[in-house]
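Each residue of the sequence shown is one higher than the one before, counting from 0 in numbering that gives the first Met the number 0.
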Amino acid sequence: MKKQAVFLIAFTAVVDMFAFGLIPQPQQMKRNGGEFEIQGHSVEEVAKSATFERDVTVQPEGYAISVTEKGITVRCSDEPGAFYAVKTLEQLGRKTEKGTVVFPTVEINDWPAFRWRGVMLDEARHFFGKEVVMRLLDLMAAYKYNVLHWHITDDQGWRIEIKQYPELVKYGAVRPCSVKYDTNAFYKEQHKPLFYYNNEKYGPYFYAQEDIKEIVEYAKARHIKVVPEIELPGHVRALLAAHPEFSCKGETLARIPRCAWSIEDDVLCAGNDEALAFFKNILDEVCELFPSDVIHIGGDECPKVRWEKCEKCKARIKAEGLSGTKDLQAWIASYFARHLSKRGRRTAGWDEILNGDVPKSAIGMCWRMSSSAGAGDALVTPQLAAARGYDVIVALSPYCYLSRNQGLPDDPYPYYTYTNPLSLQKAYSFDPLAGLNESESRHVIGSQACVWSESIWCVFDLEWKMWPRALALAEVMWTYPKDRDYAEFRARAAKQRSRLIKKRVNCAPLD
Ligand code: ACM
Ligand code: ZN
0 MKKQAVFLIA FTAVVDMFAF GLIPQPQQMK RNGGEFEIQG HSVEEVAKSA
50 TFERDVTVQP EGYAISVTEK GITVRCSDEP GAFYAVKTLE QLGRKTEKGT
100 VVFPTVEIND WPAFRWRGVM LDEARHFFGK EVVMRLLDLM AAYKYNVLHW
150 HITDDQGWRI EIKQYPELVK YGAVRPCSVK YDTNAFYKEQ HKPLFYYNNE
200 KYGPYFYAQE DIKEIVEYAK ARHIKVVPEI ELPGHVRALL AAHPEFSCKG
250 ETLARIPRCA WSIEDDVLCA GNDEALAFFK NILDEVCELF PSDVIHIGGD
300 ECPKVRWEKC EKCKARIKAE GLSGTKDLQA WIASYFARHL SKRGRRTAGW
350 DEILNGDVPK SAIGMCWRMS SSAGAGDALV TPQLAAARGY DVIVALSPYC
400 YLSRNQGLPD DPYPYYTYTN PLSLQKAYSF DPLAGLNESE SRHVIGSQAC
450 VWSESIWCVF DLEWKMWPRA LALAEVMWTY PKDRDYAEFR ARAAKQRSRL
500 IKKRVNCAPL D
């Protein structure tokens, strides 16, 4: 073929992608130049009324779309595939002024690069409520995310009703103050905005079990699995507000959750058998509420200062033959991972949980790039986790934490951290398999956008920080690096931004 012809085909493909603005970009797409036009109420309605055929040769979650002048046919082997075909068609179609719906004639073959395409939402620091979560689930579905990792317990808030222990929300879902940032004043040298304690009661805010069931069902209808994170043994100050007897200090601990951000020294007493039994009961109730095959137990950032001085914790270390408090954190993760295994669930946890002998069914969520992050525990990189035989979700903080400053010249919202901004381009440059060999890569089941909410107070702020960067990460999780080109993505992202703004999503500028 002549050079010009090759160039023209390549150029046409790029222009087509740009014109449609599809995100994530399909694996294979060919435009035929024509259009399918039909009388229809809406693009969504016409997309759903395509002809669907079962084809077992199509990959899990994948689909093939054929739009001809006569109509739309979809082939897929499972329900998520059919659902994602509709999501793609919703981005392809447009409503005309004549009241018709028009689709370009195309042939698409598409499938995801990773099977775990997550968004983590922190509702412990700030609570957004059912409507915001449902709106988020709709947006996640539009871009083919399939896991909501729901961070609903932490030092600053316990946001899930547990029927056996109603005092958890009574004491844990309300705090007497919060840290607030001044958006105009910065401690430049600390890369942090100026902050103050506002002394305003925050809460009680929590999800009743009926709300949770509704959210889980809503997510399921969009092929999204809800994975709750019930943090232990650190990040439990809100739980200890309700049950100070399960801290190493016992009943003397104040009955209020933490008001400040960052890490709390008071953690679960790992030597207290009653504390372990109590936590098992909580996890059992959580398993009843969440059908997910995976339950997240946190496991990150656990300071050891209380354990060092606690007689019960010292006795546990001796009885279990551990070398010291640093092993206690991994021991407790293993303890609960084994409990969840008996309930038929896999345990997920931040990378720190893999420092002991958690069952190989556990999933490591790798977030750190250095052991100086967190509470200084030994770093378990994606490579190390995979080499130890664990499945891995790669959610490295510099690329995946949307709570990071996005480096915009003009930004009305404050961020928790201003070091190493995470721009749209940097998010798009992320490769979850970077540095891994083939056998290690097989352990990587996916990645995740993480939205920590220390500095996020409302839905506008939340959406501003999520979008458009969550568009970039959606494509990172669906496609392969060889097919990614930032300039071309950026053009599509601009189209998607207009669509998001039309839906009244508070999407930030691209840069
Ligand atoms: C984390 O960012 N502490 C997982
Ligand atoms: Zn203790």
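Each residue gets a CB set at the ideal place from its N, CA and C atoms; glycine is no exception.
key: Validate contact between the region 107-125 and the region 39-56 using beta carbons, cut 8 Å, 3 pairs   = no
message = Report the CB separation of D482 from Q24 in whole angstroms; it is logged as a contact under 8 Å.
response = 7 Å
task = Could you give the DSSP three-state label for A314: helix, strand or coil?
result = helix
inquiry  = Three Cβ pairs or more, each shorter than 8 Å: is that satisfied between the region 400-412 and the region 343-355?
reply    = no
task = Kindly list the residues whose CB is nearer than 6 Å to the CB of R498, restricted to its own chain and excluding five residues on each side of it in sequence; keep chain order.
result = none
task = Take K381 and list the residues in its own chain whose beta-carbon comes closer than 7 Å to its own, dropping the five residues that flank it on each side.
result = It is Pro, not Lys, that sits at residue 381 in the sequence shown. Hits under 7 Å: C365, V391, V393, L435 and V443.
key: R498 (DSSP reduced to helix, strand or coil)   = helix
query = Can we count W456 as close to the ligand ZN, meaning its CB is less than 7 Å from some heavy atom?
reply = no
message = Judging by CA-CA distance, which residue of N145, W115 and E130 is the nearest neighbour of F82?
response = N145
request  = For D326, collect the residues of the same chain with a Cβ closer than 6 Å to its Cβ; drop the 5 residues on either side in sequence, then sort them by chain order.
outcome  = none
Proximity of G20 and Q90 at Cβ, strictly below 8 Å = yes
inquiry  = If I measure Cβ to Cβ from R496 and keep anything under 6 Å in the same chain, skipping five residues before and after, which residues do I get?
reply    = Once the five neighbours on either side are set aside, the close Cβ partners of R496 are P467 and C506.
ask   = Within 7 Å: the Cβ of N280 and any heavy atom of the ligand ZN?
value = Between the ligand ZN and the CB of N280, the shortest heavy atom gap is not smaller than 7 Å.
query = Helix, strand or coil: which one does DSSP assign to L91?
reply = Here L91 carries a helix assignment [DSSP, helix/strand/coil].
ask   = Going straight from the alpha carbon of R491 to that of D54, what length do you get?
value = For the pair R491 and D54, the Cα-to-Cα distance works out to about 30 Å.
query = Opposite S246 in the DSSP bridges: which residues?
reply = L267
inquiry  = Between which residues of its own chain and Y201 is the CB-CB distance below 6 Å, once the five residues before and five after are set aside?
reply    = R174 and S177
inquiry  = Could you pull the DSSP bridge partners for T446 from this structure?
reply    = As written in the sequence, residue 446 is Ser, which differs from the Thr given in the question. R116 and V393.
query = For the ligand ZN, is there a heavy atom less than 7 Å away from the beta-carbon of R305?
reply = yes
query = For V45, which of helix, strand or coil comes out of DSSP?
reply = helix
ask   = Out of curiosity, what's the CA-to-CA distance linking L136 and C309?
value = 43 Å
inquiry  = Could you give the first and the last residue of the continuous beta strand (DSSP E) run that contains F277?
reply    = Segment D272 to L288 is the alpha helix (DSSP H) holding F277; no beta strand (DSSP E) there.
key: Inter-residue Cα distance where the pair is A112 and A473   = 11 Å
inquiry  = What would DSSP say about W477, mapped onto helix, strand or coil?
reply    = helix
inquiry  = For R305, which residues in the same chain have their Cβ closer than 8 Å to its Cβ, ignoring the five residues on either side in sequence?
reply    = Around R305: S246, C247, K248, D264, D265, V266, C268 and C312.
query = For E437, which of helix, strand or coil comes out of DSSP?
reply = Collapsing the DSSP output to three states places E437 in a helix.
request  = Could you tell me if M16 is buried or exposed, where buried requires 16 or more neighbouring beta carbons within 10 angstroms of its beta carbon?
outcome  = Residue placement at M16 is poorly supported in this model, since its pLDDT is 49, which falls under 50; the coordinates still yield a value, given next. M16 comes out buried.
message = Taking 7 Å as the limit between beta carbons, can you name the residues of its chain near R367, skipping five residues before and five after?
response = D350, G373, L378 and S396
query = Which residues in the same chain as R342 place their Cβ atom closer than 8 Å to its Cβ, once the five residues preceding and following it in sequence are excluded?
reply = L282, D283 and C286
query = What residues match up with M28 in a beta bridge as DSSP calls it?
reply = BP columns for M28 point to I107.
request  = Return the residue from the list N271, A276, T346 and H150 that minimises the CA-CA distance to I316.
outcome  = N271
request  = Would you check if there are 3 or more beta carbon pairs closer than 8 Å linking the region 233-244 to the region 203-222?
outcome  = Contact fails: fewer than three Cβ-Cβ distances are below 8 Å.
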